[in-house]
Amino acid sequence: MSDRRGGASSGGGVRGELKQRVKTGRGRTLSQKRWLERQLNDPYVARAKREGYRSRAAYKLLEIDERYKLLRAGQKIVDLGAAPGGWSQVAARVVGPSGRIVGIDLLEIEPMAGVEFITLDFLDPEAPARLTGMLGGPADLVMSDMAANATGHKKTDHLRIIGLAETAAEFAREILGPGGAYLAKVLQGGTEGALLNDLKRDFAAVRHVKPAASRADSSELYVLATGYRGTPAAAASSDED
Ligand SMILES: C[S@@+](CC[C@H](N)C(=O)[O-])C[C@H]1O[C@@H](n2cnc3c(N)ncnc32)[C@H](O)[C@@H]1O
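Note that this note's numbering has the sequence shown beginning at 7, numbered continuously upward.
If you want it as structure tokens, here you go:
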């Protein structure tokens, strides 16, 4: 990727610094030790702390926005899997007081100015109507960083995240206004191409994006669909009216 702004070189200046090591013991499993070591040595974690973002994930959205100009003042945005709130922070800073952001997560999220959160499973049948009511009008962007807890079984993790992204896409088709955009996290594993092809029917441009802040050794990718055309089903029912 040519644009590495926000990358390790500008992010934390880790090059040349001593890597922090974590001891096993203290009741830590090997995978907990590895996770902690990775966090301590991650330039984006350090940068998020310095710049006041709630998560390193904020840099993924910042980078995607820098490349594709998704966020604008006054927009209405739905943030799916919003905890702890990094993406909402990035969005709130751009949309400002004339915009509206609603977020949902299984986990409770600390309140944030300019954003309304609900603690609910997005797969709950009530969730779409609750979010639609909170937003109070068509959305400009539906963004999903949802990820179920990893099982460690690659195929299962892939299928679960694709299931979440597909449900988010269904919801996006219901709530997006014309020209709206959909952004969702997926894990590579074979079926992410089908989601992309499906989105091509309703969006002018669909692509996979791998931001620099997404760990290179992870199969994580984002699907970005822009230029929502409106569903044929919605158009057909309004023709009949
Ligand atoms: C990677 S984190 C999101 C980080 C967030 N974008 C940020 O910038 O802070 C993924 C989130 O998805 C949430 N999640 C997973 N499955 C969900 C579901 N079915 N409904 C709502 N949230 C879900 C998890 O609880 C977790 O907080």
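Beta carbons: idealized from backbone N, C-alpha and C, even for Gly.
Identity of the residue in the options nearest residue i by Cα
i: residue 161; options: 133, 225, 173 and 217; result: 225
i: residue 230; options: 75, 43, 99 and 32; result: 75
i: residue 81; options: 98, 67 and 66; result: 98
i: residue 49; options: 64, 142 and 35; result: 64
i: residue 146; options: 236, 165, 196 and 216; result: 236
i: residue 114; options: 100, 105, 90 and 134; result: 90
i: residue 218; options: 169, 69 and 133; result: 69
i: residue 141; options: 37, 71, 96 and 83; result: 83
i: residue 79; options: 62, 100 and 72; result: 100
Proximal residues to residue i (C-beta, below 7 Å), its chain only, five neighbours per side dropped
i: residue 153; result: 87, 167 and 191
i: residue 233; result: 185, 209, 210 and 211
i: residue 194; result: 225 and 227
i: residue 94; result: 85, 88, 107, 109, 118 and 121
Own chain, CB closer than 6 Å to residue i, minus 5 neighbours either side, in chain order
i: residue 178; result: 148 and 188
i: residue 144; result: 183
i: residue 245; result: Low per-residue confidence applies at residue 245: pLDDT is 44, beneath 50, and the placement is therefore not dependable, though the value from the model is reported in the following sentence. Cβ within range, chain order: n/a, list empty.
i: residue 33; result: none
i: residue 156; result: 163
i: residue 170; result: 152
i: residue 18; result: Annotation note: pLDDT 37 at residue 18 (below 50); position unreliable, coordinate value reported separately. These residues qualify, in order along the chain: 49, 52 and 53.
i: residue 198; result: 192
i: residue 112; result: 127
i: residue 105; result: 80 and 81
Closer than 7 Å: residue i CB and nearest ligand 1 heavy atom
i: residue 152; result: yes
i: residue 224; result: no
i: residue 92; result: yes
i: residue 87; result: yes
i: residue 54; result: no
i: residue 112; result: yes
i: residue 61; result: yes
i: residue 64; result: yes
i: residue 128; result: yes
i: residue 42; result: no
i: residue 230; result: no
i: residue 147; result: no
i: residue 189; result: no
Contacting residues, own chain, Cβ-Cβ under 8 Å from residue i (five flanking each side not counted)
i: residue 103; result: 120
i: residue 247; result: Because residue 247 sits at a pLDDT of 42, beneath the cut-off of 50, its placement in the model cannot be relied upon, and the following sentence gives the value as read from the coordinates. The answer is none, since no qualifying residue turns up.
i: residue 220; result: 66, 226, 227 and 228
i: residue 26; result: 43, 46 and 47
i: residue 205; result: 175, 188, 212, 229 and 231
i: residue 134; result: 177, 180 and 181
Contact with chain B by residue i, beta-carbon distance below 8 Å
i: residue 155; result: No chain B is present in this structure, which holds just one protein chain.
Near ligand 3: residue i beta-carbon under 7 Å from a heavy atom
i: residue 82; result: Ligand 3 is absent from the structure shown, which contains only ligand 1.
Checklist entry - Does the segment 122-129 come close enough to the segment 49-64 that 3 or more CB-CB pairs lie under 8 Å? => result As far as the Cβ criterion goes, the segment 49-64 does not touch the segment 122-129, which means the pair count is below three.
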